[in-house]
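Counting in full-length UniProt numbering, the sequence shown runs from 1 upward without gaps. Comments concern the structure below.
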Amino acid sequence: MLDHLSWEQAQDGQDMVVGEKAKLMAGNYRVEALKKRLRLLGCGKEERWWICDIYNKATLSSSDNTLFQGPKTEVERQMLEHLGLSGRVKFPVRRLGTLWRNQNWKQMITRWCEFLLGQATFNISTFEWMASCRIDDFWFTTFHSVINSISQIRSEFSIDVQSSDWIQLASLPQQNLFLTAGDDVYDNLGFADVHSLLKTTKQEGKVMSIVMSHVCQWLNRDPARVGERDNNKPLLRKDFLPALREKCGDDAEKQSIKLQERLLGYVRDKMSDFTSPGMEHYLHEYPDNARDAYAKRFEHQAWRDMLILVVDSTLRILGR
């Protein structure tokens, strides 16, 4: 299909059969490693080739609702077969299947990977454990911000922002990046540090989720019970809603997201305190009936300040 073209021509959209730019769906790191190796060896362009499987995106599951459906094992088999994922290196198909069955993350990843930045930063293992934390809105706030900005840049300047470009943009002062920043089109343009967010470790994500579970029990005596194998578990912040809904009404969802944002931002800043040898055991000790023992954690600054943050935030939300 593309055998008569160089990869550069295919990326420039010079293939009149396809009618659009070719995109590398997988193997980005291997291709870059090959390019570097060929440069070191001083090889000419005739040596710069790579065996590829060519897919028509119209046949992929975004357009064919019959693909990747059914029981877990069947979905995984279909993925290995249709996407050509079998090989010497074992592909994490179970984790990919878990993400596919999670409706929130399926939609987000599909949108995220429409952009070069998203393709460069998507990692199945990382996104799978992030999805398991049940704090989707916290991650998605940054993803949506980035998508909004790169969409505007693509629309206005016909530029697909690269991962390396975004790292530089995110490191700059967020004012006066564009001479025409007064125009309405740039009002919501921001450069959230998504690379820093994606460097969050699995253990840190687990701590954030655990602390959220504690706060849920502070605000809700009957938090949601979920099945371990449920791919679409309710978000933890949903347990905030009964306490917020009476006063906030339809605004309770928005307020619960704001409370979660403040709470998890604090936990990330104090991660070393929550995981220190003298305090880590508190993460795994829930209220239950041992209230006096549970209260001992508030003798420590990190837990005490977090309690104050939650109380102040809820009182302000409830207007008391």
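Virtual Cβ for every residue (Gly too), placed ideally from N, Cα, C. On a predicted model such as this, the values are computed, not experimentally measured, just so you know.
7 Å CB neighbourhood of residue i in its chain, flanking five on each side removed
{"i": "Ser213", "result": "Leu236"}
{"i": "Trp218", "result": "Val310"}
{"i": "Lys72", "result": "Gly97"}
{"i": "residue 321", "result": "The structure shown has nothing for residue 321, since the chain only spans 1 to 320."}
{"i": "Gly182", "result": "Because the pLDDT at Gly182 is just 49, under 50, the model does not fix this residue reliably, and the value given afterwards should be weighed accordingly. Hits under 7 Å: none found."}
{"i": "Ala224", "result": "Pro234, Lys238, Asp239"}
Nearest-angstrom Cα separation, counted from residue j out to residue i
{"i": "Ile317", "j": "Ser155", "result": "38 Å"}
{"i": "Met79", "j": "Ile308", "result": "48 Å"}
{"i": "Leu197", "j": "Arg262", "result": "15 Å"}
{"i": "Tyr286", "j": "Phe157", "result": "52 Å"}
{"i": "Leu244", "j": "Pro234", "result": "17 Å"}
{"i": "Glu128", "j": "Leu99", "result": "6 Å"}
{"i": "Ala295", "j": "Lys238", "result": "24 Å"}
{"i": "Phe68", "j": "Glu74", "result": "8 Å"}
{"i": "Val161", "j": "Met279", "result": "42 Å"}
{"i": "Glu81", "j": "Ile124", "result": "18 Å"}
{"i": "Val215", "j": "Leu315", "result": "15 Å"}
{"i": "Asp250", "j": "Ser256", "result": "11 Å"}
{"i": "Lys202", "j": "Ser132", "result": "10 Å"}
{"i": "Ser171", "j": "Asp165", "result": "10 Å"}
{"i": "Val194", "j": "Ala293", "result": "39 Å"}
{"i": "Lys199", "j": "Thr110", "result": "21 Å"}
{"i": "Gln301", "j": "Asp269", "result": "13 Å"}
{"i": "residue 352", "j": "Leu116", "result": "Outside the displayed span of the chain (1 to 320) sits residue 352, for which this structure offers no information."}
{"i": "Asp312", "j": "Met306", "result": "10 Å"}
{"i": "Pro277", "j": "Cys43", "result": "54 Å"}
{"i": "His281", "j": "Arg229", "result": "26 Å"}
{"i": "residue 348", "j": "Gly70", "result": "Given that the chain is displayed from residue 1 to residue 320, the structure contains no residue 348 and the question cannot be resolved."}
{"i": "Lys254", "j": "Lys45", "result": "54 Å"}
{"i": "Asp288", "j": "Asp136", "result": "27 Å"}
Beta-carbon proximity list for residue i, same chain, < 8 Å, skipping 5 on both sides
{"i": "Val207", "result": "Val267, Met271, Phe274, Thr275, Leu283"}
{"i": "Asp222", "result": "none"}
{"i": "Val93", "result": "Glu76, Met79, Leu80, Leu85"}
Proximity of residue i and residue j at Cβ, strictly below 8 Å
{"i": "Glu114", "j": "Gly97", "result": "no"}
{"i": "Arg134", "j": "Ser209", "result": "yes"}
{"i": "Gly227", "j": "Met130", "result": "no"}
{"i": "Ile159", "j": "Ile153", "result": "yes"}
{"i": "Ser163", "j": "Thr121", "result": "yes"}
{"i": "Asn102", "j": "Asn232", "result": "yes"}
{"i": "Phe240", "j": "Leu259", "result": "yes"}
{"i": "Arg48", "j": "Leu41", "result": "no"}
{"i": "Trp112", "j": "Ile147", "result": "yes"}
Inter-residue CB distance, residue i and residue j (contact presumed, cutoff 8 Å)
{"i": "Ser149", "j": "Gly190", "result": "6 Å"}
{"i": "Phe298", "j": "Arg304", "result": "5 Å"}
{"i": "Phe143", "j": "Met108", "result": "6 Å"}
{"i": "Ser145", "j": "Ala192", "result": "4 Å"}
Own chain residues within Cβ distance below 6 Å of residue i, not counting five before or after
{"i": "Val211", "result": "Val267"}
{"i": "Ala252", "result": "Leu241, Leu244, Arg245"}
{"i": "Thr141", "result": "none"}
{"i": "Thr180", "result": "Its pLDDT being 48, under 50, Thr180 is placed unreliably in this model, and the coordinates cannot settle the point."}
Near the ligand NAD: residue i beta-carbon under 7 Å from a heavy atom
{"i": "Leu219", "result": "For the structure depicted, the ligand NAD is absent and the ligand set is empty, with no information on it obtainable."}
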